[in-house]
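Undergrad: Each protein sequence line maps, in turn, to chains A and B. Residue numbers for the first sequence follow the working numbering, so the first one is 25 and each next one is one higher. Residue numbers for the second sequence follow the working numbering, so the first one is -1 and each next one is one higher. Please read through the structure below; I'll follow up with questions.
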Amino acid sequence: MGWDGALFVELIGNSFQLLWVIVPAVLFGIVIGALPGFSASNTLIILLPLTLTMDLDVALAFMASVYASSHLGGGIPAILVNMPGDGGSVPTTFDGYPMTLQGKGQQALVLCFVASTIGGLITSLATVALLPYLAPLGLYLRSVEMVVVMVFGLVLIAAIASDDLLKGLIGGFFGLMLGLIGADHIYSTPRGTFGFLELYDGVPIVAALIGLFAIAETFSMVEREAIVPKSETDIARPRWADTIDGLRINLKYWWQTIWTAFLGMLIGIVPGAGATIASFVAYQQSRMFSKTPHLYGTGHPPGIIAPESANNGVTSGTLVPLMAIGVPGGATSAVMMVVLQYQGIVLGPRLFIETPALAYGVFFYMTMSYAVMLLMILPLARYMSKVVNMPTRIIVPLIITLTIIGAFANREYIFDMWLALIFAVLGYLALRTGYHVTGLLIGILLGPLFEQYLLRSLRLGQGDLTILFSSTLANILWVLVVLSLLLPWLRTRQTQRALERAGDTARSGL
Amino acid sequence: MAENNLNSPADQPRLESERPAVGADLIIPGLAVAFTTYYLIGTASLTWEAKANGVVVGLLLYALVAVQLVRIGLRIARRETTLGFGGLFEMTSPQKQRIALVVITALFIVTLSWVGVAIGLFAAMFASMWALGERDWRSLIGVSLGTTATVYLLFIVFLQLRLPRGPVEYVIAWLTGAGA
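Encoded structure:
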């Protein structure tokens, strides 16, 4: 599977020829990504009849561009109104929104855009080069290891998102419990559905996301005149100086962009892991290795760069198992699989031998779409940041009505609108009492996957829970879980002791 | 020595009104325990495959809530905190606006099937803005109309979403064929 120079030149030429579809697809993807309820996967499903009629190259370029740019779009509302466009941009809210509140919304958007595009660009290039060697990585994680990965993810999120680890864990496990609502995987018996047929497929993620984040946040917003009052900021007129300042900060943290992008790519290769886990792991790792971990959550630039770079690194990683072994890494790649199969393409290792232009082409189109994004987004950032000056008496009704319709859009059930409203009240109570909504959401998101992998493991072990400690890799991951629980606790105790010592010294001085 | 310590303001037992209220901290654990109990009772008679996850996750959740209860109990025993709800349910002006928003959204959802998305959305936007204190008629009508038109074009005409149709949608479809 060596590289062919002529093929390389041909693919670059193809990417330029397909700019006519890549440019509008990128714009479309950014808008879709910014709307909660419209993920790349369900938009591609809606547009499936259209993509099936396109030439295969055009369809792939269109899908790859929408997919990549929607990941970038998700960061826009996360930064401006604390409302993630998708699960992968949830950690972006931790530092993005505080930056907006400090009047640095434009810089935060530039950080997000540049980290996303550079992260996506370098990983898509790296994927092209490393594709034959990366593909088998996803095969090392079996159900036992996946259970531990899920627990690890939940513990990380509890530790990151909440000031209080115990509250974070309660939120996460409550979410996991809600994620178990629905018919069981083997006998299809409904569980915890309160008799609602609409819950047989489980809790709809989009309704939960919209309620817990978007609407719950608007309930807090009503206490302010605007998200950021004009008097407190100087961004009434968009300024290139702020854009350049954002670029300067990006440049300062260039290494952060690169390593978190590769982290995202590696996580993307694991089927089912996806952008949400990647962005959380990247945020946590970035904070762990930082010299200033206490600044995270207060509007610290690496807190935006790490998750955004990682969730765009995922995009190319997710396509690796699809192309190399025929297993879709996520919902969007599953839609791509449908289109490819419709066109008679057999996915798997032979794809690279029989139709290399197609197999590698997807990654070239993705690279081109990231290059297009880089040129488009910087001017956009100047105007988008003005949203935060809008009075809350206008923006709050806008967010509520548009997102409630977004809740309907996913499955076209009025029931999902009710669910979004119920989750909004739950989210508001969680926000006010310090139970971070992120833990709840990630629990709901991971619940069905967790059940699937735990059940598979238990069946393999004939009901014996010790199977979860039967592999070396899983045991290493368990140790990491314990460390993730202990380290924040030890750090808090250390800080408390230091404060007590400082207090004693001050008193003895008096 | 003990007297000296009590002279320090930080060490004096605080008055009940000064102590932070943590009763609200029990709302989410209370909901979690209630749901878990409902789930476990509902799945008790199912095969082990159907209830295994609920039992594993539910028992862990019970344990975490128990730790939280013990922690809060100890703080109450040390007279550091009270079981009140603080300002969470206080009827302040923003609280009334929040309740109004929930009621308007609920009415929007209830009436959506009969009046269609255009009338429902316009009314919900108008009422929500009014509830939040907007009194400029141009803004009230302009923003409500603009939002409704955008939603109609984007969701119904372009994305072909099957949002509930009402008189306005049927008239537009009859006149133009759009969103039919």
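The beta-carbon is built from N, C-alpha and C at its ideal position, and this holds for glycine as well.
So is F493 of chain A buried or exposed if we call it buried at 16+ other beta carbons inside 10 Å?
TA: The residue is exposed, with fewer than 16 neighbouring Cβ atoms inside 10 Å.
Undergrad: Between the beta-carbon of L484 of chain A and the beta-carbon of I491 of chain A, is there less than 8 Å?
TA: Cβ atoms of L484 of chain A and I491 of chain A: closer than 8 Å.
Undergrad: Applying a beta-carbon distance threshold of less than 9 Å, which residues of chain B neighbour Y224 of chain A?
TA: Neighbours of Y224 of chain A on chain B: none; closest Cβ ~13 Å, over 9 Å.
Undergrad: Look up G206 of chain A in the DSSP assignment and give the residues it is bridged to.
TA: Paired residues: A:R215.
Undergrad: Is the segment 388 to 397 of chain A in contact with the segment 100 to 118 of chain A, if contact means three or more CB pairs nearer than 8 Å?
TA: Verdict: no, contact absent.
Undergrad: Does the pairing of the segment 208 to 223 of chain A with the segment 84 to 102 of chain A give three or more beta-carbon distances under 8 Å?
TA: Short answer: they don't touch.
Undergrad: For a cutoff of 8 Å on Cβ pairs, would you count M441 of chain A as touching chain B?
TA: Yes, M441 of chain A lies at the interface with chain B (some Cβ there is under 8 Å from its Cβ).
Undergrad: On the three-pair Cβ rule with 8 Å, is the segment 130 to 150 of chain A touching the segment 393 to 404 of chain A?
TA: Yes: the two stretches touch, three or more of their Cβ pairs being nearer than 8 Å.
Undergrad: Assign P415 of chain A to one of three DSSP states: helix, strand, or coil.
TA: Three-state result, P415 of chain A: strand.
Undergrad: Taking C-beta pairs closer than 7 Å, name the residues in chain A that M127 of chain B reaches, listed in chain order.
TA: Within 7 Å Cβ-Cβ: R417, I418 and P421.
Undergrad: Buried or exposed: where does A260 of chain A fall if 16 or more other Cβ atoms within 10 Å of its Cβ makes it buried?
TA: Annotation note: pLDDT 49 at A260 of chain A (below 50); position unreliable, no value reported.
Undergrad: So which residues of chain B does E524 of chain A contact, with C-beta pairs closer than 7 Å?
TA: Result: empty, since nearest Cβ-Cβ is about 11 Å, beyond 7 Å.
Undergrad: Three-state secondary structure (DSSP) at T80 of chain B?
TA: Reduced to three states, the DSSP call for T80 of chain B is strand.
Undergrad: Residues of chain B with CB closer than 9 Å to the CB of D528 of chain A, please, in chain order.
TA: Per Cβ cutoff of 9 Å: no residues; D528 of chain A is ~12 Å from chain B at best.
Undergrad: Counting contacts by CB-CB distance shorter than 8 Å, is L479 of chain A in contact with chain B?
TA: Yes, because at least one Cβ of chain B sits closer than 8 Å to the Cβ of L479 of chain A.
Undergrad: Would you please state the rounded distance, in angstroms, between the beta carbons of L470 of chain A and G203 of chain A? I believe it to be under 8 Å.
TA: So it is a contact: roughly 6 Å between Cβ atoms.
Undergrad: Does V155 of chain B have its Cβ less than 8 Å from a Cβ in chain A?
TA: It does not: the Cβ of V155 of chain B has no partner Cβ on chain A nearer than 8 Å.
Undergrad: Take every Cβ of the segment 143 to 163 of chain B, pair it with every Cβ of the segment 448 to 457 of chain A, and state whether three or more of those distances are shorter than 8 Å.
TA: With a cut-off of 8 Å, the segment 448 to 457 of chain A and the segment 143 to 163 of chain B do not count as touching, because too few Cβ pairs lie within range.
Undergrad: Below 8 Å between beta carbons: does that hold for A122 of chain B and I102 of chain B?
TA: Yes.
Undergrad: Using the Cβ count rule (16 or more neighbours within 10 Å means buried), how would you classify Y168 of chain B?
TA: Its Cβ having fewer than 16 others within 10 Å, Y168 of chain B is exposed.
Undergrad: Given this structure, state the Cα-to-Cα distance separating T109 of chain B from G118 of chain B, to the nearest angstrom.
TA: Each residue's alpha carbon lies about 7 Å from the other.
Undergrad: Report all residues from its chain with a CB closer than 8 Å to the CB of R525 of chain A; omit the five preceding and five following residues, and keep chain order.
TA: Cβ neighbours of R525 of chain A beyond the five flanking positions: none.
Undergrad: Comparing alpha-carbon positions, which option in A:V45, A:L165, A:G99 and A:L346 lies nearest D79 of chain A?
TA: Answer by Cα proximity: A:V45.
Undergrad: Show which residues of chain E have a CB atom less than 9 Å away from the CB atom of L161 of chain B.
TA: Chain labels in this structure do not include chain E; the protein chains are A and B.
Undergrad: Please classify A42 of chain B: does DSSP put it in a helix, a strand, or coil?
TA: Looking at A42 of chain B - three-state DSSP - the assignment turns out to be coil, as it is neither helix nor strand.
Undergrad: Quick one, are the C-beta atoms of G199 of chain A and G458 of chain A less than 8 Å apart?
TA: No, the pair does not count as a contact, with Cβ atoms beyond the cut-off.
Undergrad: Using C-beta distances below 6 Å, list every residue in its chain close to T34 of chain B, excluding the 5 sequence neighbours before and after it, in chain order.
TA: So the qualifying residues of the chain are G56 and L59.
Undergrad: Given 8 Å as the limit, is there contact between the segment 69 to 85 of chain B and the segment 227 to 244 of chain A, that is, 3 or more CB pairs closer than that?
TA: Touching, no, given that fewer than three Cβ pairs across the two stretches are closer than 8 Å.
Undergrad: Just to confirm before moving on: does the CB-CB distance between E247 of chain A and P92 of chain B stay below 8 Å?
TA: The answer is yes: Cβ separation under 8 Å.
Undergrad: Specify whether the segment 284 to 292 of chain A and the segment 94 to 106 of chain A touch according to this definition: at least 3 beta carbon pairs, one from each stretch, less than 8 Å apart.
TA: They do not touch, by the three-pair rule.
Undergrad: Is it the case that the Cβ atoms of A498 of chain A and V168 of chain A are separated by a distance below 8 Å?
TA: Yes; because the gap between Cβ atoms is below 8 Å, this pair is in contact.
Undergrad: By Cβ distance, which residues of its chain are closer than 7 Å to Q518 of chain A, with the 5 residues on each side in sequence left out?
TA: Contacts found: none.
Undergrad: Curious, which full-length alpha helix (DSSP H) runs of at least 4 residues does the segment 44 to 117 of chain B contain?
TA: Counting whole runs of 4 or more residues, the segment 44 to 117 of chain B contains the alpha helix (DSSP H) stretches 46 to 75.
Undergrad: Buried or exposed: where does D310 of chain A fall if 16 or more other Cβ atoms within 10 Å of its Cβ makes it buried?
TA: Note that residue 310 of chain A is Ser in the sequence shown, not Asp. Buried: at least 16 other Cβ atoms inside 10 Å.
Undergrad: For L443 of chain A, which residues in the same chain have their Cβ closer than 6 Å to its Cβ, ignoring the five residues on either side in sequence?
TA: For L443 of chain A, where only same-chain residues beyond five positions count, the Cβ hits under 6 Å are A231.
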